[in-house]
Amino acid sequence: MEENYHKEHLACHNCDKQLVACRYIVKEEHPYCIPCYQQLFAHNCDECGKPIGPDFKDLSYKDRHWHEFCFKCCGCQKSLVDQPFASKNDKIYCSDCHDNNFAARCDGCGEPFRGGMKKFEYKGKQWHDWCFVCSECNQPIGNKSFIPRDERVICVPCYESKYAQRCSKCGDVINKGGISYKNTPWHRECFTCTNCNKQLAGEKFTSKEEHPYCGDCYGELFAKRCCRCTKPITGIGGTKFISFEERHWHSDCFNCYKCDASMVGRGFLMNGEDIVCPECGRS
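Just so you know, UniProt numbering puts 111 at position 111 of the sequence shown, and the rest follows in order with no gaps.
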């Protein structure tokens, strides 16, 4: 405001009231008496509805205004001056009242999630950091891996200790890639021939007294032997064989000793340890 007013010219810009020896406020370089200033420029308090005059601090939030003494939580009436607060449905709340009335709640303890709290979510439920715990040991899971079981969450050490399948050979937990044979679990690399330790996963094998053997070892250790070629008759892979008087032949080896004709499904004669067709037997 220009400072060249004569005393008799210092008057309210709105009502012309003389301002000599009176309090006044300058707005956009014009003097106003207190009543006119409040009427024209002061904000009305959102709480009490009265003007917020020059003698009061004007607190504002989103185009709303309050006297300092009216800026209170609508729940507990605690002053919010210099305090954190939140707005809901055009009302202001202290942090505690807002969280208690409107914040999401933990599915573990039922208490609200307050500002800054870490939240864990799983299958539409949510927990505080300290409430998201293993159902076996009750230790917080945090960012560690867990395994769901029957609507519960279990940390990996507890799951492995109580529920995980273990290899029948080495006893360690089978995390992936295991196989089952006769309802017994194995690591793929542990499912080996009992005799030579050859890996049997994806290979043809058989068993003896519940122990697995590769075809070669089973044949060498347990199989009957062909009377002609002396090789084992394992039966693995659908190999056919013929038995007669406690003697055994591969189907492909059951031939006439003299003419080599197959005797499978035909009559034959014994010539000592050998078999012969009827024609060769008569010659």
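From the three backbone atoms N, C-alpha and C, an ideal C-beta is built for every residue, glycine too.
Since we're looking at a predicted model, the values are computed, not measured.
Taking only three categories from DSSP, how would you classify residue i?
| i | result |
| --- | --- |
| SER243 | strand |
| GLU189 | helix |
| ARG282 | helix |
| PHE69 | helix |
| VAL173 | strand |
| GLY178 | strand |
| ARG266 | coil |
| GLU3 | Bear in mind that the predicted position of GLU3 carries a pLDDT of just 48, short of 50, making it unreliable; the figure below should be weighed with that in mind. If DSSP states are grouped into helix, strand and coil, GLU3 belongs with coil. |
| SER95 | helix |
| ILE52 | coil |
| VAL153 | strand |
| ASP46 | coil |
Buried or exposed: where does residue i fall if 16 or more other Cβ atoms within 10 Å of its Cβ makes it buried?
| i | result |
| --- | --- |
| LEU200 | buried |
| TRP130 | exposed |
| PRO84 | exposed |
| ASP63 | exposed |
| VAL133 | buried |
Assuming residue i is part of the alpha helix (DSSP H), what are its boundary residues?
| i | result |
| --- | --- |
| ASP274 | Looking at the DSSP string, ASP274 is not in any alpha helix (DSSP H); the run it does join, the beta strand (DSSP E), is 274-276. |
| SER251 | Element bounds for SER251: n/a, residue is neither H nor E. |
| HIS13 | Looking at the DSSP string, HIS13 is not in any alpha helix (DSSP H), and its letter there is neither H nor E. |
| residue 294 | This structure leaves residue 294 out entirely; the chain is present only between 1 and 283. |
| GLU220 | 215-221 |
| PRO35 | 34-40 |
Beta-carbon separation of residue i and residue j under 9 angstroms?
| i | j | result |
| --- | --- | --- |
| LYS57 | CYS74 | no |
| PRO232 | LYS224 | yes |
| ASN255 | SER262 | yes |
| GLY108 | TRP127 | yes |
| ASN155 | CYS167 | According to the sequence as given, residue 155 is Cys; it is not Asn. No, they are not a contact pair. |
| PHE205 | CYS193 | yes |
| HIS250 | CYS229 | yes |
| TYR93 | ALA104 | no |
| ALA42 | GLY53 | yes |
| ILE147 | TYR159 | yes |
| ILE174 | ALA164 | yes |
What residue range does the beta strand (DSSP E) around residue i cover?
| i | result |
| --- | --- |
| VAL26 | 24-27 |
| SER60 | 58-61 |
| TRP127 | 125-128 |
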